[in-house]
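*Asks:*
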Amino acid sequence: MAETIIQIEGMGCGHCAKEVSDALSGINGVRKIRISLEKAFAKIVFDESVAGVDQMIGALDAIGFKAVLSDS
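In the working numbering, the protein residues as written are 171 to 242.
Structure (structure tokens):
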């Protein structure tokens with residue numbers, strides 16, 4: 171298992187957080203998601219042999235959020 175943090179621009183409400191969670195949950199290999207509205211990020215635990223960070227960022231971009239891999 172691997173863990174990553176993705177910064178998400180434009181996520182400002184509970185509905186947005188649910189959209190983000192639903193998009194990430196739909197990716198095969200994603201095991202756990204923790205979203206922080208306050209800090210605008212998603213912390214994701216995933217099976218790196220099945221899912222990749224680029225796939226997650228693409229899924230978020232596809233629903234209208236600018237997503238980038240966090241430096242921290």
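Cβ coordinates follow ideal geometry from the N, Cα and C atoms, glycine included.
For a test of the three-state rule: what should DSSP assign to Leu207, helix, strand or coil?
*Replies:* coil
*Asks:* Buried or exposed: Val190, going by 16 or more other Cβ atoms within 10 Å of its Cβ?
*Replies:* buried
*Asks:* Helix, strand or coil, according to DSSP, for Val220 in the structure here?
*Replies:* coil
*Asks:* Give the straight-line distance between the Cα atoms of Asn198 and Val220, rounded to the nearest whole angstrom.
*Replies:* 7 angstroms
*Asks:* What whole-angstrom Cβ distance do Val200 and Phe211 have, given they're in contact under 8 angstroms?
*Replies:* Wrong, their Cβ atoms sit about 15 angstroms apart, outside the cutoff.
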